[in-house]
Structure formats: C-alpha cells, structure tokens
Amino acid sequence: MNVPAGDTGASWTVDGTRLTRLPDLSDAGAYVVDDSGRIVEVTAQTERLLGRPAAELLGRDAHDLLHRGKYGEPMPRSRCTMRQPLIVGGTAQGEGDWFERGDGQLMRISWMVTPCRLEEGRTGALVLFHETPSSTPPPHEADGAAASMSQLDRLALLAETTTTLTSSLDVDETLRQLVRLVLPLLADWAVIDLLTEEGGVSRAAVAHYKGGLLTYRDDLEGPMPPVPEESPMPLSRALRGVTATLVSPETYQGPPDSGIAVAQQELFRETGMHSACIAPIRGVRGVVGALTLGRSGQPAKFTTADLLLVEDIARRAGLALDNARLYERQRRVAETMQRHLLPLLPSVPGLQMSASYRPAPHASQVGGDWYDSFVLPDGATALVIGDVIGHDLDAAAGMAQVCNMLRAYAGAGQDPPSVVVDRLDQAVARMAQTTMATAVLARLERRDDGGWRLCWTNAGHPPPLLVERDGRTRFLEEAQDLLLGTGIPTVRADAVADLPPLSTLVLYTDGLIESPTRTLDEGMARLSRYAASMAHRPVASLGDVLIDRVRPADNDDDVALLSVRIPDHP
Numbered sequence: 001m002n003v004p005a006g007d008t009g010a011s012w013t014v015d016g017t018r019l020t021r022l023p024d025l026s027d028a029g030a031y032v033v034d035d036s037g038r039i040v041e042v043t044a045q046t047e048r049l050l051g052r053p054a055a056e057l058l059g060r061d062a063h064d065l066l067h068r069g070k071y072g073e074p075m076p077r078s079r080c081t082m083r084q085p086l087i088v089g090g091t092a093q094g095e096g097d098w099f100e101r102g103d104g105q106l107m108r109i110s111w112m113v114t115p116c117r118l119e120e121g122r123t124g125a126l127v128l129f130h131e132t133p134s135s136t137p138p139p140h141e142a143d144g145a146a147a148s149m150s151q152l153d154r155l156a157l158l159a160e161t162t163t164t165l166t167s168s169l170d171v172d173e174t175l176r177q178l179v180r181l182v183l184p185l186l187a188d189w190a191v192i193d194l195l196t197e198e199g200g201v202s203r204a205a206v207a208h209y210k211g212g213l214l215t216y217r218d219d220l221e222g223p224m225p226p227v228p229e230e231s232p233m234p235l236s237r238a239l240r241g242v243t244a245t246l247v248s249p250e251t252y253q254g255p256p257d258s259g260i261a262v263a264q265q266e267l268f269r270e271t272g273m274h275s276a277c278i279a280p281i282r283g284v285r286g287v288v289g290a291l292t293l294g295r296s297g298q299p300a301k302f303t304t305a306d307l308l309l310v311e312d313i314a315r316r317a318g319l320a321l322d323n324a325r326l327y328e329r330q331r332r333v334a335e336t337m338q339r340h341l342l343p344l345l346p347s348v349p350g351l352q353m354s355a356s357y358r359p360a361p362h363a364s365q366v367g368g369d370w371y372d373s374f375v376l377p378d379g380a381t382a383l384v385i386g387d388v389i390g391h392d393l394d395a396a397a398g399m400a401q402v403c404n405m406l407r408a409y410a411g412a413g414q415d416p417p418s419v420v421v422d423r424l425d426q427a428v429a430r431m432a433q434t435t436m437a438t439a440v441l442a443r444l445e446r447r448d449d450g451g452w453r454l455c456w457t458n459a460g461h462p463p464p465l466l467v468e469r470d471g472r473t474r475f476l477e478e479a480q481d482l483l484l485g486t487g488i489p490t491v492r493a494d495a496v497a498d499l500p501p502l503s504t505l506v507l508y509t510d511g512l513i514e515s516p517t518r519t520l521d522e523g524m525a526r527l528s529r530y531a532a533s534m535a536h537r538p539v540a541s542l543g544d545v546l547i548d549r550v551r552p553a554d555n556d557d558d559v560a561l562l563s564v565r566i567p568d569h570p
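Going left to right, the sequence shown walks through residues 1 to 570 as full-length UniProt numbering numbers them.
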C-alpha cells in the first residue's frame, strides 16, 4: 500500500469501517504502519508537523526514523511503548514521548495507536499524534544534559551503542553511527582519530551539532602527524592506549611537544571547545584510535562520571571498528584473489572486447563467477561466462578447475560447444569436491562473406543478450539445457545466429539481474532496456556502467560480465 498521501487508491479499515483515504486532521498528524513498523501512508498535516516530505517517510521504519529519547538519543526498541499494538494488538496511548523532526529538532508528543487492517489481509496500525508543550529545552541548549542522565538512561545508551555499532561491517557507516549516538546527547563536537594500517594517524571525522543540524568539518579532517612515544599529552596517550582524560583548552596552551599537539591546538581554536574528554578506542587486537567529545555550546563541563561513560562507549566502538576493519581486510584479499583467478582477454583483429567483475557487496569471501575468452586452434574465438554455485574458497577452487578444464577441452580440437560442454559436465561430476555450475560456451567466427556467426550452448545459465546498433535487443534463449555437475545424462544442443554489424553481445552472470524482491523477468527487462540505451557506448566502459545501473540494490551476489562488439562489414 505504498502510495502517496491522499491517494484515493489506498484502502484500509479501522474497526471494520472501510476508508478510501487517510483523512487530514486539523491539529493532529496521522500515519499508518504495516506489521513490520514501516510507514505506508501519511497525511499532509504529518508532513508539516514533522518537517519531512512523504517521500522521506514512506517505506521507512517509523521507530528508527522518528522515535527518540528526551536527549535526542536513539530509543531502544525494548523501551518503546508505541510498538505494543504491533506486537500484542489492542489500542495504546501515551504522552511525553519525543519525535525527531526533519531539521533534527525534538518534538514532544501525545499519541494513540490502534490496529487496522490493510489491503490483501495484512495488518498494521494507525498512529495519531499531536505536539504538546515541553518545559525541557532542546538537547543543544540543555546545560549538562549528560550529567542529568539516570543510570537506566546510561545503560540504555550503552546497549543501544552496542546494538547500533555492531549492525554494520562498514568502517565509514560505523563512524557515522557513533557520531549520531553521542551528538547532541553528550557533546556538541565529536572527533575521531584512527590509527592506519601503515602505522600513521588519520583524523577520520570532525562533527558538530548546532541548531538541530549535524555538520562535518572536512577542513579539519585528514592525515595527522605520527604518535610520539613518550608524549604526556592526552591525545598521544589515548592513541597509545592509555586511560581516558578530561581536557580543556589550557591543556594545549603551552609549547607543543609534537605535531599532534600542534593539531590539537588548532582543533580547540577552530571549534571553541571549553571542555572535552579523550578516550582510547581499543579493539581486540590493540588500539584502533581515539574518541574526543567536546562542548562549546553546552556550558557544563565534563565530569568524571561523563568520562567513564565516554570510555565505555569508546570501548564498544573499538570492538565494532576492529571487526569492520578485519572484514574489509578480508574483503580486499578475497577480491584481489578473485581478480587474479580471472584471465586476460585475447586481442582479436576486428573485435572489441571487454570484461568486468564486481564482488558481492556484503561478502568477504571469493565467489564462483568467471568469464573467459581465448582463440581456438582453427582461428575462432571462444567466449565463456560461468558461475560455480557458492561464495567461499571451495567455490573459487571449483571455478578455477572448471575454467581450466573448459579451456583444455575446447582447445583440444574443433568440436562444437555442445560436445565440449558435455565432456566438461562428465568431468565435473567426477570431481572429488561436489561442484555444480552454470555456463555458456560460444564460438565466434567469421563467415565467408566477412560477417560474423555465433554458435553456442547453454548449461543452465542466463541467456546472452544481443544488442543491435539501432537499439533493438533479444535474448539468445536457444540451446538451453541442464547445469553442470548434476550427474543426469542429457543431450546438449547448439544454436547458431548471425550477428549484425556493430551489434554487441553481452554475456553476464545472474548477480546482474536477480533480486529477492523482483522476478527474473523484471531483471532481464531492466538489463535489456539499459543495454539498448547504450548501444553506441564504447565497449571498454559498457560492462561497468551496466553493472552500476542494472544490478539490483538488494542483490548480494558477485557479477561477471563479458561484452563483445562486432565490427562493421569490411
């Protein structure tokens, strides 16, 4: 039911009464969430109250997007009373809770939530809310907001820190979430310095919260001087793993003892921080960096209790960053290994050829996708695209074996592709490690009249796409048969097609078109549409552009792609 507010096509019921649109109330906002808590309908009044357009609200998790604690901190789901009707049903109401507007300001609300039935038998909830007067100043104006936190609030913040930071294995995303957790709840400045793998220091983030807006000062970010081994200054000590320290501008007023001290003097001068605390960020394998929280707009100074809380947050951040860095290191190694397993393309007179490979977005291991091309003994050009099932070292090892066997069988004579693939299938079935794979093997050769002809067979793989120079497209769906390694006898066939001058042949793996939320036909149609629009694009850049534009955002598979441009008639 993801439709714009006011669309009369929407339909849902409350207490059995069918409504055709969500009514716009004069004072209160109203929105509907589905059974997973995602917003599926809003009113114009809701947009005005929240300062957020419908496009920013629809499809988003209402709890993550809107609900906040009184200091602006993310609200743990375990403490959210507005989720009760979604879990146990019934109507609930309350007051004194907080929503975050689009400009970052907090709005104190009273609310009521009641179950409703959506289209197609789905259930959800109708949320009504309105703004109530608040005697509590916004977080950026609060004096020492952290000092007034209860022990329960601090424990909830630490729990939310652990949950939030460990939900991502991307270093940059982890840093953004860390900044969001501590600003403006504990400070209005957050500075994160990280030790690099080369042994240096990088100021990875300098963030400032003011007037409801979070901004990053990239002019203060970048490489830092090395860490001095004996310096007693707080940041140097933190980067060596020594305990957290309370800091003021006076700490860095004396003659600097190192380049880092000079950088800290500039930091305090540029930010106007009158009070700060610096804590080491420790991972499992050692110090990862240092977290500095500072106050310039908040008048209260940091206390020892604040320092202990910041130190605990930094410890949790260190575990998350350590895991994210290890993951990225494994990912780089895996991608490098994968690329070294893939072959170089041959230089064939008249043909333009390029290949692209893109690893899975969220995988840290090698995959089984591959492409290949080589010149056969009779002068024809072999084109190969394939995918060994799996995403691990076994899949990569299987891919290397299958690729090499296919080269050997294809180069042993002048057999048609179906015979070569059948021989390969029998060999794959005899491999010690159970391996299953899909593949397309094609022979591309000149006809006597100077044109080009393609002969191919398909072992369970997505069909190649032929794009003519005028933008017409068609999938080469002939000669489809079983994938490799099933052990089931089959009679494979060949298909033959003449390729028009200046046409482009695109061979690809399923990671380019498959999506858990779309049909395969939709993925193929999307590929056809984009490929047609790029019929005249140089082949050298075609593969990367197609992957960027066609690959579904929710596809977690690697992609291999081989493009061949047929020359014009001589």
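A virtual CB, placed ideally from N, CA and C, is assigned to each residue, including glycine. Just so you know, these numbers come straight off a predicted model, no measurement behind them.
Roughly how far, in whole angstroms, is the beta-carbon of valine 421 from the beta-carbon of alanine 380, given that I think they are within contact range, below 8 Å? Actually they are not in contact, since the Cβ atoms of valine 421 and alanine 380 sit about 15 Å apart, beyond 8 Å.
Assuming contact is defined by CB atoms lying nearer than 7 Å, are leucine 344 and alanine 355 in contact in what I supplied? Between leucine 344 and alanine 355, the C-beta gap is not smaller than 7 Å, which leaves the two residues out of contact.
Could you compute how far the alpha carbon of alanine 142 sits from the alpha carbon of isoleucine 513? Any answer about alanine 142 is weak, because its pLDDT of 40 lies below 50 and its placement is not dependable; what the coordinates show is given next. Their backbone Cα atoms lie some 51 Å apart in a straight line.
Considering only the beta carbon of each residue, do valine 545 and threonine 504 sit closer than 7 Å? no
In chain order, which alpha helix (DSSP H) runs of at least 4 residues are fully inside the segment 176–246? If we require 4 residues or more, the alpha helix (DSSP H) runs fully inside the segment 176–246 come out as 234–239.
Residue range of the unbroken alpha helix (DSSP H) whose run includes residue 571: Because the chain here runs from 1 to 570, residue 571 falls outside it and cannot be looked at.
With a CB to CB cut of under 6 Å and the five nearest residues on each side skipped, what residues in its chain are close to glycine 69? Met75
Among Leu181, Met233, Thr166, the one whose alpha carbon lies nearest that of aspartate 153: Leu181
What would DSSP say about cysteine 80, mapped onto helix, strand or coil? coil
For serine 563, count the other beta carbons within 10 Å of its own beta carbon; 16 or more makes it buried, fewer makes it exposed. Which is it? Buried, because 16 or more other Cβ atoms sit within 10 Å of the Cβ of serine 563.
Pick out whichever of Ala261, Asp61, Asp510 has its Cα sitting closest to the Cα of proline 232. Ala261
With 16 other CB atoms within 10 Å as the buried threshold, where does glycine 254 fall? exposed
Does the separation of the CB atoms of alanine 204 and leucine 194 fall below 7 Å? yes
Histidine 63 lies in the alpha helix (DSSP H); which residues open and close that run? In the DSSP annotation of this structure, the continuous segment of the alpha helix (DSSP H) that includes histidine 63 starts and ends at 62–66.
Give the DSSP-derived three-state secondary structure of serine 418 in the structure shown. helix
Quick one: Cα of leucine 465 to Cα of alanine 525, how far? 11 Å
Where in the segment 436–520 do unbroken runs of the beta strand (DSSP E), each at least 3 residues long, occur, reported from the N-terminal end onward? 437–446, 452–459, 465–467, 473–475, 495–499, 504–508
Kindly confirm or deny that the segment 489–505 and the segment 399–413 touch, where touching means at least three C-beta pairs closer than 8 Å. no
Three-state secondary structure assigned by DSSP to glutamate 95: strand
Measure the alpha-carbon distance for leucine 351 versus histidine 461 and round it to whole angstroms. 24 Å
Does DSSP classify proline 249 as helix, strand or coil? helix
Cβ shell of aspartate 257 (< 6 Å), same chain only, five flanking positions each side left out: Ser231
Work out the CA separation of glutamate 229 and alanine 238 for me, nearest whole Å. 11 Å
Inter-residue spacing [alpha-carbon to alpha-carbon] between proline 85 and tyrosine 216: Proline 85 and tyrosine 216 have their C-alpha atoms spaced approximately 39 Å apart.
Below 7 Å CB to CB, which residues in the same chain sit around threonine 123 once its five sequence neighbours on both sides are set aside? Leaving aside the five residues that flank threonine 123 on each side, the residues in its chain whose CB is nearer than 7 Å to its CB run, in chain order, Asp35, Pro115, Arg117.
Here's a check: name, in chain order, each residue in its chain whose Cβ is nearer than 8 Å to the Cβ of glutamate 47, leaving out the five neighbours to either side. Ala5, Pro53, Ala54, Leu57
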